[in-house]
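2 protein chains.
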Amino acid sequence: MRVLAFLDGTLADPDQPHVRVDDLGLLRGDGIFETVLVADGVPRELGPHLDRLARSAHMLDLPEPDLSAWERAVRLVIDNWSGGPEIAVKLVYTRGVEGDPYAEPLAYALGMEIEEKVRRARAEGVAVVSLDRGFASDLAERAPWLLLGAKTLSYGVNMAALREAARRGADDVVFTATDGSLLEGPTSSVVVARGRTLYTSPPTVGILPGTTQRAVFRAAEAAGWATKVEPVPGEELHTADGVFLASSVRKLTRVHTLDGTPLPDSTSAHAELARAYDAQYT
Amino acid sequence: MRVLAFLDGTLADPDQPHVRVDDLGLLRGDGIFETVLVADGVPRELGPHLDRLARSAHMLDLPEPDLSAWERAVRLVIDNWSGGPEIAVKLVYTRGVEGDPYAEPLAYALGMEIEEKVRRARAEGVAVVSLDRGFASDLAERAPWLLLGAKTLSYGVNMAALREAARRGADDVVFTATDGSLLEGPTSSVVVARGRTLYTSPPTVGILPGTTQRAVFRAAEAAGWATKVEPVPGEELHTADGVFLASSVRKLTRVHTLDGTPLPDSTSAHAELARAYDAQYT
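Which chain is which? The protein sequence lines are A and B, in order.
The first sequence lines up with residues 158 to 439 when you count with the working numbering.
The second sequence lines up with residues 158 to 439 when you count with the working numbering.
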């Protein structure tokens, strides 16, 4: 099932069309989004998601989002949900109609079921391939017009990378920079474990600040792990004790195979971290 | 005015919503487009535009487009147009509804007026800034998942670059590669004149093959110019006799200022080339 709430507080039928053909979100990928996990009626990391929405809006020169209205739209989706115990609530915010100087942004929250393959990946882990993202890890700061680190609707490359993974018989992707630095997945952060220390690359290398990654690190610290946000060389993936993808819908998912080679068994570290992450919300 | 025709041959009211909130063109910029100029009822370079649509579809693993249906949709827009003498007809083709394995692509042709600022740019020329596109000119061939050279709906960066140009007091952008090679504009090809020879960079450097650029080169050759498609070093912009942006809606537009510095007066070369380009369609 799907539940659709517009930012003005109205519910609408998601099976009906609501978007104009000349919306810039569609014609130009000119807009931003967030995906919030709701489990048992509780939205996870809603504050950080809304903060990141505001940050993305700022990077794209979109009108500052009314965060309390967004929060109300999320609650409206939750209150009208009659599907499974989890909801992926997508927040979509576009520049509105092309060529209309008085255009209002298009803004809605759309609740969707979690796909079966995501649930399976959470339980069984995934095979990933590493793909060159084509830019250097110092690019973001010198070229802000490239929008590295903004969560935009222009995800065509991210989707193409996932198709490339499928062609190679894998489930997902970790991107590396041209200098070999570890970046992120197309729709996730990458977390590396070495002993009882977790590592992830910082947003300054040109990636999104991960809301789930941050929540996992917080939970891990409380459980006695050390955490480090610092540039991670890509080759460390091959020597790590564990590699994980973190995102709202996949939570913390274990990577069992990298570029066709099995990784060390990280089942028990994954179980501990996944439990600690979930326990924060109960 | 706007005229909307769907690929199935139906006309629809562009002021009504026709797109679902969960279309992947909107949620992920996962689709492709073309913009065809129609002048006095005649579509320009329709064949090359449709060929490029098919090429982009192939690069994105979209179903092969039915080019005769696309051509009919363009004719339908033309036949129902009652606006000015020129139409920008946008062809939009998305992957369809998210999560629906039987989803039909969303496919439509949308006729729009040419903006006043585009007409003014054609007549008066433009100031441009050069911006780093962040990738090397040999990336496209080794990383096809980055979709360089596909005309996708994920144009968020292109739009952000135009906003950066506006912030710097300019009208448009020429992108350069990290190795300094000249690439393209966010929505145009870049053409450089030296004496009576025209230069443009080849698609292999990670840019779109330009339909208008090619038509301009064909017309120039017939008028006694030489043309070369070869990698152009970015610094040549500063020493060229003329720099031009070529695109369907802007036709051939003269660049009069680069990064705040006036370029040599290319008015007469521009007039000759623009006339030769237009004469092909009359």
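Note that CB positions come from ideal geometry on N, CA and C, so glycine has one too.
{"Check": "Please check if any C-beta of chain B sits within less than 8 angstroms of the C-beta of alanine 245 (chain A).", "Outcome": "no"}
{"Check": "State yes or no: is the beta carbon of tyrosine 312 (chain A) nearer than 8 angstroms to at least one beta carbon in chain B?", "Outcome": "yes"}
{"Check": "Which chain B residues are close to leucine 340 (chain A), counting only those with a beta carbon under 9 angstroms from its beta carbon?", "Outcome": "Chain B residues near leucine 340 (chain A): none, gap ~13 angstroms exceeds 9 angstroms."}
{"Check": "Is the Cβ-Cβ distance between leucine 194 (chain B) and glycine 188 (chain B) less than 8 angstroms?", "Outcome": "no"}
{"Check": "How about valine 176 (chain A) and leucine 184 (chain B): do their beta carbons lie closer than 8 angstroms?", "Outcome": "no"}
{"Check": "Decide if lysine 247 (chain B) is buried, meaning its Cβ has at least 16 other Cβ atoms within 10 Å, or exposed.", "Outcome": "buried"}
{"Check": "Quick check: leucine 389 (chain A) and valine 349 (chain A), are their CB atoms within less than 8 angstroms of each other?", "Outcome": "The residue you asked about is not leucine; residue 389 (chain A) is valine in the sequence shown. Cβ distance < 8 angstroms, so valine 389 (chain A) and valine 349 (chain A) count as in contact."}
{"Check": "Which runs of the alpha helix (DSSP H) spanning at least 4 residues fall entirely within the stretch 332-390 of chain A, listed in chain order?", "Outcome": "368-379"}
{"Check": "For glutamate 429 (chain B), collect the residues of the same chain with a Cβ closer than 8 angstroms to its Cβ; drop the 5 residues on either side in sequence, then sort them by chain order.", "Outcome": "Ala380"}
{"Check": "How far does the alpha helix (DSSP H) with histidine 215 (chain A) in it reach, from first residue to last?", "Outcome": "203-216"}
{"Check": "With 8 angstroms set as the bound, which would you pick, yes or no: does the beta-carbon of proline 174 (chain B) sit closer than that to a beta-carbon of chain A?", "Outcome": "yes"}
{"Check": "Which residues in the same chain have their Cβ closer than 7 angstroms to the Cβ of aspartate 416 (chain B), if we skip the five residues on either side of it in sequence?", "Outcome": "Val286 and Ser287"}
{"Check": "What three-state label does DSSP hand leucine 319 (chain A) in the structure shown?", "Outcome": "helix"}
{"Check": "Which residue spans inside the stretch 210-258 of chain A form an unbroken beta strand (DSSP E) run of at least 3?", "Outcome": "243-251"}
{"Check": "I'd like the list of long-range same chain contacts for leucine 310 (chain B), defined as Cβ closer than 8 angstroms, with 5 residues on each side in sequence excluded.", "Outcome": "Gly182, Gly186, Asp187, Gly188, Ile189, Phe190, Val249 and Thr251"}
{"Check": "What residues in the stretch 308-337 of chain B have a beta carbon less than 8 angstroms from any beta carbon of chain A?", "Outcome": "Thr309, Leu310, Ser311, Tyr312, Gly313, Val314, Asn315, Met316, Ala317, Ala318, Arg320, Glu321 and Thr335"}
{"Check": "If you measure from the CB of leucine 339 (chain B), is any heavy atom of the ligand NAP nearer than 7 angstroms?", "Outcome": "Within the structure as shown, the ligand NAP is missing, as the structure has no ligands at all."}
{"Check": "Let's see if you can read the secondary structure: which residues bound the alpha helix (DSSP H) around lysine 274 (chain B)?", "Outcome": "273-281"}
{"Check": "Hey, would you say glycine 145 (chain B) sits closer than 8 angstroms to threonine 333 (chain B), going by beta carbons?", "Outcome": "Here chain B comprises residues numbered 158 to 439, so residue 145 (chain B) is not present and cannot be evaluated."}
{"Check": "Compare the C-alpha of valine 308 (chain B) against each of B:Ala211, B:Leu409 and B:Met269 and name the closest.", "Outcome": "This sequence places lysine at residue 308 (chain B); valine is not what is there. The shortest C-alpha separation from lysine 308 (chain B) is found at B:Ala211."}
{"Check": "Looking at serine 239 (chain A) and methionine 158 (chain A), is the spacing between their C-beta atoms short of 8 angstroms?", "Outcome": "yes"}
{"Check": "Between tryptophan 238 (chain B) and chain A, is the shortest Cβ-Cβ distance under 8 angstroms, so that the two count as touching?", "Outcome": "no"}
{"Check": "Ends of the beta strand (DSSP E) at tyrosine 265 (chain A)?", "Outcome": "264-269"}
{"Check": "Could you check the C-alpha separation between isoleucine 235 (chain B) and serine 405 (chain B) for me, to the nearest Å?", "Outcome": "16 angstroms"}
{"Check": "Is the stretch 254-271 of chain A touching the stretch 199-208 of chain A in the sense that three or more CB pairs, one from each, lie closer than 8 angstroms?", "Outcome": "no"}
{"Check": "Taking the alpha carbon of proline 131 (chain B) as the point to measure from, which residue in B:Ala403, B:Leu164 and B:Gly256 has its own alpha carbon closest?", "Outcome": "Absent from the structure is residue 131 (chain B), since the part of chain B shown begins at 158 and ends at 439."}
{"Check": "Could you name the residues of the stretch 175-186 of chain B whose beta carbon sits closer than 9 angstroms to any beta carbon of chain A, in the order they occur along the chain?", "Outcome": "His175, Val176, Arg177, Val178, Asp179, Asp180, Leu181, Gly182, Leu183, Leu184, Arg185 and Gly186"}
{"Check": "8 angstroms is my cut-off, CB to CB: does phenylalanine 292 (chain A) come that close to chain B?", "Outcome": "yes"}
{"Check": "Between the stretch 265-279 of chain A and chain B, which residues of the former have CB atoms less than 9 angstroms from a CB of the latter, in chain order?", "Outcome": "Tyr265, Leu267, Met269, Glu270 and Glu272"}
{"Check": "By DSSP, does valine 400 (chain A) sit in helix, in strand, or in coil?", "Outcome": "strand"}
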